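Colleague: Numbering (our numbering), first residue to last: 5 to 240. Where is the CB? At the ideal position from N, CA and C, for every residue including glycine. For clarity, every value in this text was computed on a predicted model and none was experimentally measured.
#1: Taking the straight line between their C-alpha atoms, what separation do you get for residue 28 and residue 92?
#2: Check whether the Cβ atoms of residue 233 and residue 186 sit closer than 8 Å, and answer yes or no.
#3: Would you say residue 37 and residue 15 are within 8 Å of each other, going by their C-beta atoms?
#4: What are the boundary residues of the alpha helix (DSSP H) that residue 47 is part of?
#5: Rounded to whole angstroms, what is the Cα-Cα separation between residue 20 and residue 26?
#6: Does the distance from the CB of residue 88 to the CB of residue 177 come in under 8 Å?
#7: Does the Cβ-Cβ distance between residue 10 and residue 46 come in under 8 Å?
#8: Leaving out five residues on either side along the sequence, give the residues of the same chain with a beta carbon under 7 Å from the beta carbon of residue 169.
#9: What's the gap between the Cα of residue 39 and the Cα of residue 102?
#10: Let me know the secondary structure DSSP gives residue 129 once reduced to three states.
#11: What is the C-beta distance between residue 58 and residue 34, in whole angstroms, given that I count them as a contact (C-beta under 8 Å)?
#12: Of the choices 184, 172, 167, whose alpha-carbon is the least far from that of residue 221?
#13: Could you tell me the distance, in whole angstroms, from the CA atom of residue 68 to the CA atom of residue 105?
#14: Can you tell me whether residue 17 is buried or exposed, with buried defined as 16 or more other CB within 10 angstroms of its CB?
#15: Comparing alpha-carbon positions, which option in 174, 173, 161 lies nearest residue 188?
#16: Roughly how far, in whole angstroms, is the beta-carbon of residue 31 from the beta-carbon of residue 72, given that I think they are within contact range, below 8 Å?
#17: So, residue 80 versus residue 171, is the Cβ gap smaller than 8 Å?
#18: Which whole runs of the alpha helix (DSSP H) in the region 47-112 are 4 residues long or more, in chain order?
#19: Mind checking residue 64: buried by the 16 CB within 10 Å criterion, or exposed?
#20: Once the 5 residues before and after residue 61 are set aside, which same chain residues still bring their CB inside 6 Å of it?
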């Protein structure tokens, strides 16, 4: 029996709990080298090497089911796992970077006692890892500052109501109500937030491609509003 060690000893040597080792036996991932007449599990040097393979693969994100296939099936292609896991991690990193960007912007605004306006907060909260945005665009967006602007929810609600009315009745940029909407957007959103042309262009693509709803701003009414502004500016 000198070539065997008890399950408790294997647990102490590897840092894997006795219950986990028992579970590995139950799923045929790591079966004992020997079981005596009392049902006690014993392991050998091969078991010791195998458990470290299991630990290493778990630390790289492989599931127990795939580990079992890799260890007990010569046909298992570990390269497929590596490729898929790398893609999953890259996606997770991108998502975390975007999340960090959002939090950094909000933290900067709060620390400088600036208001988090309606335009900025929803826009960044909806940027996801599949949003088409370049590193340069992210940097430009992150540099934008909100200046002495206090958002008036009553005025915004009135703006959205007027904008939807204009859209429903297909009013032109010459109508008094559409002019009111244009002026509100320019003064209270674009000018107040110092929104750059690059940001406006990106927002246009964002709302036109993504069927979103941000405090009343939808794909349809935003596209309509941009058209009104362009038409209005040409006639000035």
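Modeller: Put simply:
#1: Residue numbering aside, residue 28 sits at position 24 when the chain shown is read from its first letter. Residue numbering aside, residue 92 sits at position 88 when the chain shown is read from its first letter. Each residue's Cα considered, the two are about 26 Å apart.
#2: One-based indexing of the chain shown puts residue 233 at position 229. One-based indexing of the chain shown puts residue 186 at position 182. A contact, by the Cβ cut-off of 8 Å.
#3: Here residue 37 corresponds to residue number 33 of the chain shown, with the count starting at 1. Here residue 15 corresponds to residue number 11 of the chain shown, with the count starting at 1. No, Cβ-Cβ distance for residue 37 and residue 15 is not below 8 Å.
#4: To locate residue 47, count along the chain shown from 1; it is residue 43. Note, residue 47: premise wrong, no alpha helix (DSSP H); beta strand (DSSP E) at 45-47.
#5: As a first step, residue 20 must be located in the chain shown, where it is residue number 16. As a first step, residue 26 must be located in the chain shown, where it is residue number 22. If you take the alpha carbons of residue 20 and residue 26, they lie about 10 Å apart.
#6: Working through the chain shown from its first residue, we reach residue 88 at position 84. Working through the chain shown from its first residue, we reach residue 177 at position 173. Not a contact, by the Cβ cut-off of 8 Å.
#7: As a position in the chain shown, residue 10 is number 6, starting the count at 1. As a position in the chain shown, residue 46 is number 42, starting the count at 1. Closer than 8 Å, so yes.
#8: Your numbering for residue 169 matches position 165 in the chain shown. These residues qualify, in order along the chain: 181.
#9: By one-based count along the chain shown, residue 39 stands at place 35. By one-based count along the chain shown, residue 102 stands at place 98. If I take the Cα positions, the gap works out to 53 Å.
#10: For the purposes of this step, residue 129 is identified with residue 125 of the chain shown, where counting begins at 1. Bear in mind that the predicted position of residue 129 carries a pLDDT of just 47, short of 50, making it unreliable; the figure below should be weighed with that in mind. In the structure shown, residue 129 sits in a helix (DSSP, three-state: H, G or I).
#11: Position 54 of the chain shown, counted from the first residue, corresponds to residue 58. Position 30 of the chain shown, counted from the first residue, corresponds to residue 34. About 6 Å separates the two Cβ atoms, so the contact holds.
#12: As a first step, residue 221 is located in the chain shown; it is residue number 217 there, counting from the start. For residue 221, the nearest C-alpha among the options comes from 167.
#13: As a position in the chain shown, residue 68 is number 64, starting the count at 1. As a position in the chain shown, residue 105 is number 101, starting the count at 1. If I take the Cα positions, the gap works out to 35 Å.
#14: What you label residue 17 is simply residue 13 of the chain shown in a count that begins at 1. Exposed: under 16 other Cβ atoms inside 10 Å.
#15: Reading the chain shown from its first residue, position 184 is the one you call residue 188. Comparing Cα-Cα distances from residue 188 to each of 174, 173, 161, the minimum goes to 161.
#16: Position 27 of the chain shown holds residue 31. Position 68 of the chain shown holds residue 72. With a Cβ gap of about 7 Å, residue 31 and residue 72 count as contacting.
#17: Here residue 80 is taken as the residue at index 76 of the chain shown, counted from 1. Here residue 171 is taken as the residue at index 167 of the chain shown, counted from 1. Not a contact, by the Cβ cut-off of 8 Å.
#18: Within the region 47-112, the complete alpha helix (DSSP H) runs of at least 4 residues are 49-63, 68-76.
#19: The residue labelled residue 64 in the question sits at position 60 within the chain shown. Answer is exposed; the Cβ neighbour count stays below 16.
#20: Within the chain shown, numbered from 1, the residue matching residue 61 stands at position 57. Closer than 6 Å at Cβ, skipping near neighbours: 71.
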